[in-house]
Amino acid sequence: MRLVVDLNRCQGYAQCAFLAPDVFAMHGDEGLLYDPEAESAQRERVAQAVAACPVQAILVDEMDMAAAGRAAASGEAPHA
Amino acid sequence: MPDGSLDRLKREGRIVVVGASLAGLRAAETLRDKGFEGTLTMIGDEPYEPYDRPPLSKQVLLGKATAEHTALPRRREIDAEWRLGVPASGLDMAARRVKLADGDEVPYDRLMIATGVRARPWPNEAEAELDGVFVLRTRDDGAGLARRLDAGPKRVLVIGAGFTGSEIASACRERGLEVTVAERGDAPLVGALGGVIGAVAAEMHRENGVDLRTGVMVTRLEGGATGRVRAAHFSDGTTLECDVVVVSLGAQRNTEWLAGSGLGAGPRGIACDAGCRAFDVRGIVTDDVFVAGDVARSPHPLFGYQFLSLEHWGNAVAQAETAAHNMLSESSDRRPHIWVPAFWSSQFGVNIKSVGVPSMGTEIMITQGSRAERRFTGVYGYQGRVIGAVTFDNCRWLQFYEQQIEATAPFPPPFPTVDRRADGQRPIPADFPDPSVPTHGPTITLSGYSPADRRMTFTPAGH
Ligand SMILES: Cc1cc2nc3c(=O)[nH]c(=O)nc-3n(C[C@H](O)[C@H](O)[C@H](O)COP(=O)(O)OP(=O)(O)OC[C@H]3O[C@@H](n4cnc5c(N)ncnc54)[C@H](O)[C@@H]3O)c2cc1C
Ligand code: SF4
Chain A
3 MRLVVDLNRC QGYAQCAFLA PDVFAMHGDE GLLYDPEAES AQRERVAQAV AACPVQAILV
63 DEMDMAAAGR AAASGEAPHA
Chain B
216 MPDGSLDRLK REGRIVVVGA SLAGLRAAET LRDKGFEGTL TMIGDEPYEP YDRPPLSKQV
276 LLGKATAEHT ALPRRREIDA EWRLGVPASG LDMAARRVKL ADGDEVPYDR LMIATGVRAR
336 PWPNEAEAEL DGVFVLRTRD DGAGLARRLD AGPKRVLVIG AGFTGSEIAS ACRERGLEVT
396 VAERGDAPLV GALGGVIGAV AAEMHRENGV DLRTGVMVTR LEGGATGRVR AAHFSDGTTL
456 ECDVVVVSLG AQRNTEWLAG SGLGAGPRGI ACDAGCRAFD VRGIVTDDVF VAGDVARSPH
516 PLFGYQFLSL EHWGNAVAQA ETAAHNMLSE SSDRRPHIWV PAFWSSQFGV NIKSVGVPSM
576 GTEIMITQGS RAERRFTGVY GYQGRVIGAV TFDNCRWLQF YEQQIEATAP FPPPFPTVDR
636 RADGQRPIPA DFPDPSVPTH GPTITLSGYS PADRRMTFTP AGH
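This is the structure in structure tokens:
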């Protein structure tokens, strides 16, 4: 599944790294590294990260999101 | 358009997007969001669907993602006709047609140009062709360089210490590779952030084991018998053995394909009004040609209406959305693109972010934290107002200063700030280099008519 983080928005709150550690990882104190094409097995966790990000910085592919179901509904894409 | 032509455009019009990357994709999505039901054609010279570039100098070089896996997520289905792997080669504005290099022509009612920039190549062609010499702009560049770093080169030379060059050096060190950085200016990042911050960046390089050489130029690259790069010669007479060279000397705008079209396009980009409509060579704004992203140059009211040209991810997204909106709107419903510039970079484990236009600043004041700790906020002043801010691992302050910039707040800030240290009591000169002395090239350039503006985009004759 494809994703991108708007790092202008990201405040390094690390919620995503806590919820989906195989996809998001802190790099230094407040930098974020992420896998732009996460395994589909991570879908549920990524959907949780999208919903939990306090600044809605994580954008996941719409088609992937539809597949993730309910969890996606609360975490719409940024700038939509 | 009271005659209903706008409705017709939305229902059955033809929109062509040239440049199938970040700005092109986000524009296409916005067009469909706004109810455009006509034909949408996406033209891109790269054979790939739109992908994201920032990870190329970060995750990809660190080995945490592959260059092939950076395709951009889609916000929605765009139902486009894709013409990938074929460059647009010309534009006939009168006949409203885009010419393709394969001889085809694509007619349009509205055209969106988002052809971005490309890496400035090493000026000596034969040397640039040597095996082991790279630039970093495209997915192919990223994949090739990552493969070469995986092979464990003995020494990497990075030419140019702007954001991209610094990120490459940082990734090399994180992987335990020996790396030398050569920068013509006095410090890394000076063009974008000035000498005060450049000095902090230089310390970061050196503490992390980068062999940083400033105030020096690479004059020649030397290949071995097998055509592989083996050494570099410097202007101070020294020679360095290296088996990978990354040329990171800034970017050139992709506007050559518009030569002779009558559009106001040149080496500095494509000038457009705040509504993203391109100017023709006569200085008259067009009604049907829009531009967005790295290739665009548009006036910004917050910065004296000067033409800003930004190589920023967030600008490409925001400008594309505005251009797409305006493409389908009556003139009274059009919106200006007045995004406050914002940028991030990540190097040596430090998160660097900026807002506004630091390079316009003449003074800087450290308002939070301290440079020695590598955790601070620097605020830039220009003619008595706040014009930009930069943070090193201090990004939560950025939004506050963004508001200050928008409100044209006075500089130096009259309020006492929390966490201000001894070195931040007073504003000091921001120490930007003389604009006539080139560095690798800043990520923001200004141009315009203001007599106060001495800054010019310097295009070195050869390197
Ligand atoms: C390595 C790297 C790291 C970066 N890191 C950051 C960062 O940390 N933060 C940040 O804010 N920004 C960063 N950026 C900048 C960001 O990627 C750009 O601002 C963004 O890609 C601009 O998008 P664009 O669509 O305007 O242009 P581009 O992404 O350059 O896309 C233009 C596309 O048009 C194509 N094209 C050109 N000419 C033609 C033609 N004649 N016909 C058809 N197609 C054509 C090009 O090949 C390209 O695919 C980075 C860029 C790079 C290269
Ligand atoms: S949760 Fe959001 S703000 Fe926090 S690190 Fe992740 S992307 Fe950034």
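From first to last, the protein sequence lines stand for chains A and B. Each residue of the first sequence is one higher than the last, beginning at 3 in our numbering. Each residue of the second sequence is one higher than the last, beginning at 216 in our numbering. Backbone N, C-alpha and C fix where the C-beta goes; we use that ideal spot for every residue, glycine too.
- Around His29(A), the same chain offers Leu35 as residues with beta carbons nearer than 6 Å, after the five sequence neighbours per side are excluded.
- With fewer than 16 other Cβ atoms from the protein chains shown falling within 10 Å of its own Cβ, Lys369(B) counts as exposed.
- Nearest CB-CB separation between Pro288(B) and chain A: below the 7 Å threshold.
- Under a criterion of Cβ atoms nearer than 7 Å, the residues of chain B adjacent to Asp63(A) are, in order, Pro288, Arg289.
- Counting the other Cβ atoms within 10 Å of the Cβ of Pro644(B) gives fewer than 16, which makes it exposed.
- At least 7 Å separates the CB of Asn423(B) from every CB of chain A.
- Within the stretch 605-620 of chain B, those residues whose Cβ lies closer than 7 Å to any Cβ of chain A are, in chain order, Asp608, Cys610, Arg611.
- Under the three-pair Cβ rule at 8 Å, the stretch 539-549 of chain B does not count as touching the stretch 264-277 of chain B.
- For the stretch 36-68 of chain A, residues whose beta-carbon sits nearer than 8 Å to a beta-carbon of chain B comprise Tyr36, Asp37, Pro38, Glu39, Leu61, Val62, Asp63, Glu64, Met65, Asp66.
- Under the Cβ distance rule, Val6(A) counts among the residues neighbouring chain B, one pair being separated by less than 7 Å.
- Annotation: Lys225(B) is outside any beta strand (DSSP E); the continuous alpha helix (DSSP H) that includes it extends over 220-227.
- The continuous stretches of alpha helix (DSSP H) do not include Thr285(B), and DSSP gives it neither H nor E.
- Distances from the CB of Ile567(B) to the heavy atoms of ligand 2 are all 6 Å or more.
- Interface flag for Asp222(B) against chain A is unset, since no Cβ pair is found closer than 7 Å.
- Chain-order list of chain A residues neighbouring Trp554(B): empty, with the shortest C-beta distance near 10 Å, by a criterion of under 9 Å.
- Look at Asp267(B): its C-beta is under 7 Å from a C-beta on chain A.
- Linking His552(B) to Gln44(A) through their CA atoms gives a straight-line distance of about 37 Å.
- Ile579(B) has its Cβ no nearer than 6 Å to any heavy atom of ligand 1.
- Relative to ligand 1, the nearest heavy atom lies less than 6 Å away from the CB of Leu271(B).
- In this structure, the beta-carbon distance from Asp63(A) to Arg289(B) falls below 7 Å.
- Taking Phe647(B) as the centre and dropping the five residues before and after it, the same chain places the C-beta of Gly409 closer than 6 Å to its C-beta, in chain order.
- Within the model, the alpha-carbon separation for Ala358(B) versus Val350(B) is close to 11 Å.
- In the DSSP assignment, the residues bridged to Arg298(B) are Ile258(B).
- Taking each of Arg223(B), Thr330(B), Ile230(B), Glu389(B) in turn and checking the Cα distance to Ser272(B), the smallest one comes out for Glu389(B).
- The stretch 482-496 of chain B and the stretch 433-447 of chain B do not touch, with fewer than 3 CB-CB distances between them shorter than 8 Å.
- Note: Lys314(B) is bridge-paired with Gly305(B), Glu320(B) in the DSSP secondary-structure output.
- Nearest to Ala316(B) by C-alpha distance, out of Ile293(B), Gly259(B), Thr285(B), is Gly259(B).
- Using a C-beta cut-off of 8 Å, the stretch 455-463 of chain B makes no contact with the stretch 472-487 of chain B, since fewer than three inter-stretch Cβ pairs fall below that distance.
- Put simply, the CB of Trp297(B) is far from chain A, with every gap to its CB atoms at 7 Å or more.
- Every alpha helix (DSSP H) of 4 residues or more that sits fully in the stretch 393-457 of chain B is shown, in chain order, as 405-422.
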